[in-house]
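Residue numbers (numbering that gives the first Met the number 0): 0 to 751.
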Amino acid sequence: MRCGWSAVNVKWQTARTMSSEKPSYDPGRIEPARQAAWAEQSAFATRGPASGQPATYIKPSSPFTSGNLHMGHVRDYSIGDAYARFRRARGDAVLFGFGFDAFGLPAEMAAIERGTRPADWVERCGERMLAQMKRLGFSFDYGRAFYSSDEAQYRWSQWLFLTLHAAGMVYRDNATVDWCDTCQTTLAALQVEDGRCWRCHNKVRLIRRPTWFLRLSPHLEENDRNLAELEASGKWDELSLKTQRYILGRSDGVELDLVGSDGEELEVFTPHGDAVGEARFVLLSPRHPEVERWAGDAAVAEQLDELRSGGWERSARDASAVPVIDTGASIEPAGGGSLPIFVSPIVDARYGPTAALGIPSVDEADEAIAARMPRAAVEPFGGGSSAGLERREASRYRAYDFSISRQRYWGTPIPVLHCEDCGVVPVPIDDLPVVLPRDVEPTGEGNPLAERQDFLQATCPRCDGPARRETDTLDCHFDALWLWVPAAVPPADRDEQMFTHPDLEQWLPSERLVAGNDSGGFVFDQRVVTKALREIGPFAFLVDGEPFAGCLFHEMVIADGRKMSKHLGNVVDPDELVAEHGADTVRLAVLYAAGPAKALNWTDGALRFAARFLRGLWDYTHSRIAAADNAVEDAEAAADTAFIRERLGKWCDNGIERIGSDLEQLQMHKAVRNVTRLLERVKDYEKRVIERRGQLSREDHEALLEALVLLARALSPFAPHIAEELLVALDRDPSVGFPVGGEAVAASIGQE
Ligand SMILES: [Zn+2]
Ligand SMILES: [Zn+2]
Numbered sequence: 000m001r002c003g004w005s006a007v008n009v010k011w012q013t014a015r016t017m018s019s020e021k022p023s024y025d026p027g028r029i030e031p032a033r034q035a036a037w038a039e040q041s042a043f044a045t046r047g048p049a050s051g052q053p054a055t056y057i058k059p060s061s062p063f064t065s066g067n068l069h070m071g072h073v074r075d076y077s078i079g080d081a082y083a084r085f086r087r088a089r090g091d092a093v094l095f096g097f098g099f100d101a102f103g104l105p106a107e108m109a110a111i112e113r114g115t116r117p118a119d120w121v122e123r124c125g126e127r128m129l130a131q132m133k134r135l136g137f138s139f140d141y142g143r144a145f146y147s148s149d150e151a152q153y154r155w156s157q158w159l160f161l162t163l164h165a166a167g168m169v170y171r172d173n174a175t176v177d178w179c180d181t182c183q184t185t186l187a188a189l190q191v192e193d194g195r196c197w198r199c200h201n202k203v204r205l206i207r208r209p210t211w212f213l214r215l216s217p218h219l220e221e222n223d224r225n226l227a228e229l230e231a232s233g234k235w236d237e238l239s240l241k242t243q244r245y246i247l248g249r250s251d252g253v254e255l256d257l258v259g260s261d262g263e264e265l266e267v268f269t270p271h272g273d274a275v276g277e278a279r280f281v282l283l284s285p286r287h288p289e290v291e292r293w294a295g296d297a298a299v300a301e302q303l304d305e306l307r308s309g310g311w312e313r314s315a316r317d318a319s320a321v322p323v324i325d326t327g328a329s330i331e332p333a334g335g336g337s338l339p340i341f342v343s344p345i346v347d348a349r350y351g352p353t354a355a356l357g358i359p360s361v362d363e364a365d366e367a368i369a370a371r372m373p374r375a376a377v378e379p380f381g382g383g384s385s386a387g388l389e390r391r392e393a394s395r396y397r398a399y400d401f402s403i404s405r406q407r408y409w410g411t412p413i414p415v416l417h418c419e420d421c422g423v424v425p426v427p428i429d430d431l432p433v434v435l436p437r438d439v440e441p442t443g444e445g446n447p448l449a450e451r452q453d454f455l456q457a458t459c460p461r462c463d464g465p466a467r468r469e470t471d472t473l474d475c476h477f478d479a480l481w482l483w484v485p486a487a488v489p490p491a492d493r494d495e496q497m498f499t500h501p502d503l504e505q506w507l508p509s510e511r512l513v514a515g516n517d518s519g520g521f522v523f524d525q526r527v528v529t530k531a532l533r534e535i536g537p538f539a540f541l542v543d544g545e546p547f548a549g550c551l552f553h554e555m556v557i558a559d560g561r562k563m564s565k566h567l568g569n570v571v572d573p574d575e576l577v578a579e580h581g582a583d584t585v586r587l588a589v590l591y592a593a594g595p596a597k598a599l600n601w602t603d604g605a606l607r608f609a610a611r612f613l614r615g616l617w618d619y620t621h622s623r624i625a626a627a628d629n630a631v632e633d634a635e636a637a638a639d640t641a642f643i644r645e646r647l648g649k650w651c652d653n654g655i656e657r658i659g660s661d662l663e664q665l666q667m668h669k670a671v672r673n674v675t676r677l678l679e680r681v682k683d684y685e686k687r688v689i690e691r692r693g694q695l696s697r698e699d700h701e702a703l704l705e706a707l708v709l710l711a712r713a714l715s716p717f718a719p720h721i722a723e724e725l726l727v728a729l730d731r732d733p734s735v736g737f738p739v740g741g742e743a744v745a746a747s748i749g750q751e
């Protein structure tokens with residue numbers, strides 16, 4: 000793009016107020032003033048899109064209402080905000096909105112710790128975090144902010160549950176689940192780290208209980224297939240694609256049908272297509288739909304039961320320790336050979352709930368299992384040769400359905416009833432919401448809902464008999480499945496049209512998700528649910544079933560090379576930083592310190608750099624404004640330095656172009672570096688003029704100020720307060736942001 004250096008040739012008309020004293024840079028004064036001006040003008044309220052105007056929905060991460068903003072939030076929102084401001088300046092209609100992920104364990108634990116109600120705690124945190132966001136100058140549409148724990152919001156979580164349930168995407172099954180004795184709750188796989196609870200870090204154990212599941216399997220293949228296209232679009236960064244592929248856990252190989260001597264078929268998979276003839280055994284997942292067929296023997300069935308309720312996923316990756324059950328059965332394909340059938344969860348850990356060939360000669364894990372199982376010593380299945388064995392290319396996914404129930408209070412009540420006569424009965428959609436009592440002060444033990452008779456007792460909608468409400472609540476992971484939707488619907492219309500509002504088609508898919516790299520699981524499941532809702536109807540317009548056209552994941556903010564934690568005493572408090580240095584400095588430092596794909600190791604160095612740069616730019620701009628007031632007209636001198644001014648113009652054009660392209664790719668660290676280089680160029684220009692003529696002529700001054708206008712605009716996405724103040728000092732409209740082509744700049748000059 001060409002960036003309007005032509006503006007320099009427009010005659011500069013000084014309408015500036017003459018002022019001999021240079022104001023000093025005081026973020027504590029200018030930042031609240033700019034923020035008040037934005038609020039007064041509703042500067043960031045969502046508008047449009049007008050017809051033909053590009054619509055950009057930038058989705059930041061949804062914060063847990065668990066306390067204060069931390070530096071990870073500051074990083075996330077500084078990136079998203081710079082991008083939002085850039086896109087607005089480019090003329091896009093921008094939706095930059097979010098909601099609080101307010102249900103769930105973190106809020107409940109915090110409330111327990113403080114002896115308060117989660118409902119009150121969440122409200123207090125939300126208010127505090129909103130104030131912090133505003134003080135940092137983030138240009139969210141705050142009018143669209145919401146809490147997942149609001150009745151108006153979770154009513155739709157319940158709607159989604161019932162809708163997915165009706166479509167077979169949510170089901171109830173007796174299953175082994177991770178259970179934390181301390182938290183008295185089941186945990187999703189993502190919430191278990193090395194066999195320990197993500198919240199309290201105590202060891203989890205396994206129990207069997209009826210649990211609600213979200214079914215992922217029907218959409219795994221499409222989630223996989225779409226990745227190539229998302230990658231080709233260039234809008235999904237490497238980190239975000241990597242997490243999606245990791246969660247899928249795809250293995251490529253072959254599958255073949257083994258037909259036993261009794262005519263029974265079994266489809267088996269292996270990634271070692273060339274070595275199938277060397278197979279020595281078959282491994283079945285304990286979740287394989289036909290596992291009971293091969294485990295008919297009472298003793299084997301008992302072992303299998305024990306396996307399912309006893310830690311099978313914990314050790315599943317270690318082939319030397321993973322449980323393996325010999326079913327005693329073999330499959331003896333008509334073509335010859337014999338393969339003993341074992342059951343082991345190592346199949347799940349590697350390929351998902353399937354059947355796999357054990358080929359010790361080419362596979363280390365299979366070798367380790369063969370060494371433990373005497374019956375694996377039979378003849379190789381194809382006599383060692385793969386020839387003549389019919390194979391099909393095939394893939395398997397490790398990703399599997401996950402539990403969405405929790406036995407805790409602070410969550411969306413699961414809208415089902417238990418009736419003695421009718422069994423499990425969904426609550427009719429017209430009866431929603433099932434209201435969560437808010438006047439509960441949990442203690443951390445058990446589930447308070449099970450003790451609330453006013454919650455518990457209900458009438459069965461089928462037989463009018465007495466029924467008991469489900470006391471499990473939905474994991475906040477379930478709320479998150481659609482937490483990206485409400486911001487796209489005007490608040491007044493959410494009650495009626497949350498999933499049917501016409502604006503949804505304008506804003507979705509979100510142009511860019513900006514989130515921490517620990518959001519991969521959320522994104523994966525959001526992608527699954529979008530595809531389900533496309534098939535069910537509401538999101539039929541999202542043809543490829545993708546909620547995010549682009550995705551930027553960033554690494555976390557650390558200190559001294561370690562994760563920030565209260566325990567380590569290395570937590571950096573954004574409030575303190577803002578109070579001491581100002582929001583612009585903190586934002587600039589966070590953006591400058593590292594590219595998004597790298598962990599940001601917080602040091603004072605980046606902060607000092609940002610503070611020095613901003614103060615330097617402030618002082619320089621003000622001193623040059625003052626100097627220009629005394630500039631002398633000198634036609635001969637001006638002609639003599641025309642070529643230097645022209646060079647400055649080229650530097651500015653190049654600089655703006657580079658910064659714009661960095662912004663386009665959300666490479667904010669590069670963009671900030673290029674902003675600082677642009678100031679060096681401007682100073683270099685001035686030096687050259689002085690070297691040649693001893694001083695700047697009026698034309699030289701005007702060009703210098705014009706370059707400073709461009710510089711302030713280029714800075715505005717990153718450090719908006721100081722940028723706007725400088726534009727005011729330069730007698731320009733402060734609301735005109737990043738320069739995007741000659742027209743935008745010319746228009747702003749036309750306003751003088
Ligand atoms: Zn726990
Ligand atoms: Zn009934």
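Glycine included, each C-beta is placed from N, C-alpha and C at the ideal position.
> Just checking, does the segment 312-332 make contact with the segment 363-373 on the three C-beta pairs under 8 Å criterion?
Replying inline: Touching, yes.
>> Between which residues of its own chain and PHE212 is the CB-CB distance below 8 Å, once the five residues before and five after are set aside?
In response: VAL169, TYR170, ARG171, ASP172, ALA174, ASP400, PHE401, SER402, ILE403, listed in sequence order.
>> Let me check you understand the geometry: is the CB of ARG198 closer than 6 Å to at least one non-hydrogen atom of ligand 1?
In response: Yes, since a heavy atom of ligand 1 falls inside the 6 Å radius drawn around the Cβ of ARG198.
>> Closer than 8 Å is the cut-off here; do at least three beta carbon pairs connect the segment 20-34 with the segment 600-619?
In response: Cβ pair count under 8 Å is three or more, so yes.
> Based on Cα-Cα distance, which residue from THR185, THR442, PHE139, SER239 lies nearest to GLY549?
Replying inline: Considering only THR185, THR442, PHE139, SER239, the residue with the shortest C-alpha distance to GLY549 is SER239.
> Is THR442 near ligand 1, with its Cβ less than 6 Å from a heavy atom?
Replying inline: Outside the cutoff, so no.
> Of all the options GLN505, PHE737, ARG691, which has the alpha carbon lying nearest to the alpha carbon of PRO48?
Replying inline: It is GLN505 whose Cα lies nearest to the Cα of PRO48.
> Would you say ILE658 and ALA670 are within 7 Å of each other, going by their C-beta atoms?
Replying inline: Taking 7 Å as the cut-off, the beta carbon of ILE658 is found closer than this to the beta carbon of ALA670.
> Thinking C-alpha only, which one of GLU440, GLU277, LEU473 is nearest GLU761?
Replying inline: Examination of residue 761 is not possible in this model, given that the chain is present from 0 through 751 alone.
> For the candidate residues LEU606, ARG397, PHE552, ALA294, whose alpha-carbon lies nearest to that of LEU219?
Replying inline: For the residues LEU606, ARG397, PHE552, ALA294, the minimum Cα distance to LEU219 belongs to ARG397.
>> I want to check one thing, is the minimum distance from the CB of LEU421 to the heavy atoms of ligand 1 below 6 Å?
In response: For clarity, residue 421 is Cys in the given sequence; the question names Leu instead. No, since every heavy atom of ligand 1 falls outside the 6 Å radius drawn around the Cβ of CYS421.
>> Given the structure, does ARG467 come close to ligand 2, in the sense that its CB is under 6 Å from one of the ligand's heavy atoms?
In response: Outside the cutoff, so no.
>> Quick check on this structure: which residue in ARG46, ALA722, ALA386, PHE95 has the alpha carbon closest to the alpha carbon of SER767?
In response: The chain is shown from 0 up to 751; residue 767 falls before or after that span and cannot be answered.
>> To the nearest angstrom, how far is the alpha carbon of PHE737 from that of ALA81?
In response: Looking at the two C-alpha atoms, the distance is approximately 10 Å.
> Do the segment 518-525 and the segment 476-490 make contact, defined as three or more Cβ pairs closer than 8 Å?
Replying inline: Three or more beta-carbon pairs drawn from the segment 518-525 and the segment 476-490 are found closer than 8 Å, and the two stretches are therefore classed as touching.
> Would you say HIS287 and ALA333 are within 7 Å of each other, going by their C-beta atoms?
Replying inline: The beta carbons of HIS287 and ALA333 sit no closer together than 7 Å.
>> Can you determine whether any heavy atom of ligand 1 sits closer than 6 Å to the C-beta of THR185, and answer yes or no?
In response: THR185 Cβ: outside cutoff for every heavy atom of ligand 1.
>> I need the DSSP call for TRP158, collapsed to helix, strand or coil.
In response: Helix, per DSSP.
> In chain order, which beta strand (DSSP E) runs of at least 3 residues are fully inside the segment 372-439?
Replying inline: For the beta strand (DSSP E) assignment, the uninterrupted runs of no fewer than 3 residues enclosed by the segment 372-439 are, from N- to C-terminal side, 391-396, 415-418, 422-425.
> Using the C-alpha atoms, what's the distance from ALA166 back to ARG134?
Replying inline: Cα-Cα distance, rounded: 45 Å.
>> Going by DSSP, what residue range makes up the alpha helix (DSSP H) through ILE721?
In response: For ILE721, the uninterrupted alpha helix (DSSP H) segment begins and ends at 719-728.
> Is THR55 near ligand 1, with its Cβ less than 6 Å from a heavy atom?
Replying inline: No, Cβ of THR55 sits at least 6 Å from all heavy atoms of ligand 1.
>> Please state whether the Cβ-Cβ distance between VAL203 and ASP223 is less than 7 Å.
In response: No, Cβ-Cβ distance for VAL203 and ASP223 is not below 7 Å.
> Leaving out the 5 sequence neighbours to the left and right, which residues in its chain are closer than 6 Å to SER734 when beta-carbon positions are compared?
Replying inline: Here the set comprises nothing.
> Over what stretch of residues does the beta strand (DSSP E) that includes ASP177 continue unbroken?
Replying inline: For ASP177, the enclosing beta strand (DSSP E) begins and ends at 169-179.
>> DSSP three-state label for SER250, please.
In response: In the three-state DSSP reduction, SER250 falls in the strand class (E or B).
> Quick one: what does DSSP say ARG46 is sitting in, helix, strand or coil?
Replying inline: Note: ARG46 maps to coil in three-state DSSP.
>> Could you pull the DSSP bridge partners for ARG752 from this structure?
In response: In the structure as shown, the chain starts at 0 and stops at 751, and residue 752 therefore has no counterpart that could be examined.
> How should ASN673 be labelled, buried or exposed, when 16 other C-beta atoms within 10 angstroms of its C-beta is the threshold for buried?
Replying inline: It is buried - the Cβ of ASN673 has at least 16 other Cβ atoms within 10 Å.
> From ALA487 to TYR408, what does the alpha carbon distance come to, in whole angstroms?
Replying inline: Straight through space, the alpha carbons of TYR408 and ALA487 are spaced by roughly 29 Å.
> Quick one, are the C-beta atoms of GLY357 and LEU282 less than 7 Å apart?
Replying inline: Contact: yes.
> Hey, how far is the Cα of VAL744 from the Cα of ILE643?
Replying inline: The predicted position of VAL744 is uncertain, since its pLDDT is 41 and thus under 50; no value can be drawn from it.
>> Could you check whether GLY259 and ILE330 sit closer than 7 Å to each other, using their CB atoms as the reference points?
In response: Cβ atoms of ILE330 and GLY259: closer than 7 Å.
>> Starting from ARG586, trace the alpha helix (DSSP H) in both directions and tell me its first and last residue.
In response: For ARG586, the enclosing alpha helix (DSSP H) has its first and last residue at 582-592.
>> Which residue wins for smallest C-alpha separation from ASP347, given the options SER250, GLU122, THR185, PHE498?
In response: Here the closest residue by C-alpha is SER250.
>> When you compare the CB positions of LYS587 and ALA558, do they come within less than 7 Å of one another, or not?
In response: Note that residue 587 corresponds to Leu in the displayed sequence, not to Lys. Going by C-beta atoms, LEU587 is not nearer than 7 Å to ALA558.
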